[in-house]
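Report on one structure; see the data block that follows.
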Amino acid sequence: MTVELDKEIKKIKKNQSLMQLIKRVHGLVENPDLEKHRQSQNHIGAILSNTRDIEYREVDIEGMHGEWVSVKRAHMKKYVILHCHGGGYSTGSCLYARTLTSKLAESTSMDVLCFDYRLAPQHPYPAATEDAMKVWNYLMLFGYGARDVILTGDSAGGNLALSLTLRLKQEGRLLPRGLVLMSPWTDLTSSGESFEGKAEVDPVLDSDYIDRMVSAYAGGQDLKQPLISPLFGEFAGFPPTYIQVGENEILLSDAVRLHQAFVDANVSVKMDVYPGMWHVFQMSPVKAAREAMDSNAEFIYDICR
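As C-alpha cells, this is what we get:
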C-alpha cells in the first residue's frame, strides 16, 4: 500500500512539474500585442514542424492562404482532412497549426488542408465561418464529396468546425464524414463549471484571456447564437464525432456538455478526457499527445471503412 502511494505521489509531482513547464512556455508565446503573439506562434510552428517526412504546399483559395500537408510516401487519396486551427479567433495560422496538421498527416497517411481564415478583432464574427465555408466549397469544386472530408479542429478551431457543420446543416447541404475536436471551445458565454473549478490548475488558459478573445470576436453579439457558441446548436443528423479534452483545462465543461448534447441528439459520439493534461496538449512532445493522435487516427479509420 505504501509503495503504491509513493508511486502515486511521484506521479502527481511529475505532472505538476510538467504543468509548470507548460505554463512557462505558454507565457513566452502569449503577448498582449496580438501581432507579436502571432509571430511567436509562427516561430514555434516553424521550429516544431521541421521534418523531412512532411511536404507543405501553399494554395490560394480565392485570395485566402491555405496549406496542404502531406506525408512523403504512398498515402490515401480518397479521403481528406480539413483542419481548422485554434487561437481564440484572434491568433493562429497554418504555420502554427503544423504542430497538429503534421501529426494528423503522419498518423492517418491522409492529406490535410489548413487555411488562414480572417482573424479578430480586425475581422470579427462571422468572418471565420464565411472563410471556412469558402474552403469547404473549394474542396467540393476540387473533386471531393462531403463524405470524403473529415473535419478537425482544436480550441477555437473546434468551435469553427462545429459552426461550419451547423451552417451546412442549415443550408440543407451534405455534412462531412466525421468530426475530430481537440479541446473545443463551444460556449463563449463561459458558463461551464470548469471555468472556476479548473482555474487554479489550467497552465494555458484563464478567464481574462477568454474574455478578451470573446470581446474581440463576438463583442456586442448574442453569444448564445449557435454559430458563435455551437453548444447551443441543434445536432440531430450530425456525423460521428470524437472529442478529446484535458482534465486540467477550463474548457473541460465545454467538451463534456457538448458530448452530452450529442448523446441527447442520438449522434454517434466518443469522448476521452486525458488525466493531468492541459488545453490542446496534442501539440506537446509528450507520450499522451502521441497516444491521442493515434486515437484520432483510429477513429478516422473506423469511420472511413
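Heads up, the sequence shown stops at 337 in our numbering, and the numbers go up one at a time, no gaps.
All residues carry an ideal CB built from backbone N, CA and C; glycine is no exception.
Values in this document were obtained by computation on a predicted structure and should not be read as measured data.
Contact set for residue i: own chain, Cβ-Cβ below 6 Å, skip 5 residues either direction
i	result
His115	Thr133, Val144, Cys146, Thr184
Met33	Note that Met33 has pLDDT 47, beneath the 50 cutoff, so the model's placement of it is unreliable and the number below is only indicative. For Met33, where only same-chain residues beyond five positions count, there are no Cβ hits under 6 Å.
Tyr111	Met142, Asp180, Cys336
Cβ neighbour criterion (16 or more within 10 Å) applied to residue i
i	result
Met325	buried
Pro235	buried
Val246	buried
Gln202	exposed
Asp334	exposed
Ala137	buried
Lys135	buried
8 Å contact criterion, which residue i and residue j should meet: CB distance rounded
i	j	result
Asp148	Met96	6 Å
Val212	Asn328	5 Å
Ala250	Ser239	Not really, about 16 Å apart at Cβ, beyond 8 Å.
Tyr176	Ile93	Incorrect: roughly 14 Å between the Cβ atoms, too far for contact.
Leu192	Ala160	6 Å
Ile275	Ile182	Between Ile182 and Ile275 the Cβ distance is about 14 Å, and since that is not below 8 Å, they are no contact.
Cβ pair residue i, residue j closer than 7 Å
i	j	result
His117	Leu237	no
Pro156	Gly190	no
Leu263	Leu290	yes
Pro317	Ser300	no
Asp219	Ser261	yes
Ala248	Ser122	yes
Leu198	Gly265	yes
Three-way DSSP call (helix, strand, coil) for residue i in this model
i	result
Tyr128	helix
Ile86	strand
Met309	coil
Contacting residues, own chain, Cβ-Cβ under 7 Å from residue i (five flanking each side not counted)
i	result
Gly224	Ser285, Asp286, Arg289
Met309	Gly278, Glu279, Asn280, Ala320
Met108	Ser141, Met142
Ala78	Leu127
Contact set for residue i: own chain, Cβ-Cβ below 8 Å, skip 5 residues either direction
i	result
Asp243	Ser222
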